[in-house]
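Numbering (our numbering) for the sequence shown: 51 to 183. Report on the following structure.
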Amino acid sequence: MSIRPAKRANFQTKNYAKDLRANATVPEKLLWSALRGRRLTGLKFRRQHPIEPYVADFYCAAARLVIELDGRSHDDRSTYDQTRNEFLGSLGLMTLRISNDDVIHNLDGVLEFIATVALPRIQSRSPTSKPLP
């Protein structure tokens, strides 16, 4: 069962996500190579996944988890990032913010951190819980 936000991504957001996938940064490529194909404890992740009006760097529907990689482009965007986190939280999604440097210099630690956050979120979901709007 897939959990989807109430509003489908529009054409512009889908194209933006596609462009982001085609022009991934080095940290995004490194993390994706470790997450793709259910390589991390069997969790399925999507990269550059549209959640209207935003695009999540990585998204795990089963854990309702968004992973955002923060580099220099996020240095002066704390208000934007907080607004975005609050919006995603209102959908029942948790956002993990991970620095690009951590991905480059401590990928194993990052993967362990993601797994320790994601797995309990999946296990805590009851089979009778309602999907997100």
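Positions of the beta carbon are idealized from the N, C-alpha and C atoms, including for glycine.
- Thr75 sits in coil when the DSSP states are folded into three classes, being neither helix nor strand.
- Straight-line spacing of the CA atoms in Ile101 and Ser140 works out to 12 Å.
- Boundaries of the alpha helix (DSSP H) around Leu161: 157-173.
- Per DSSP, Pro103 has no beta-bridge partner at all.
- In the DSSP annotation of this structure, Leu141 is not part of any beta strand (DSSP E), being labelled neither H nor E.
- Per DSSP, the beta bridge partners of Phe108 are Arg97, Ile117.
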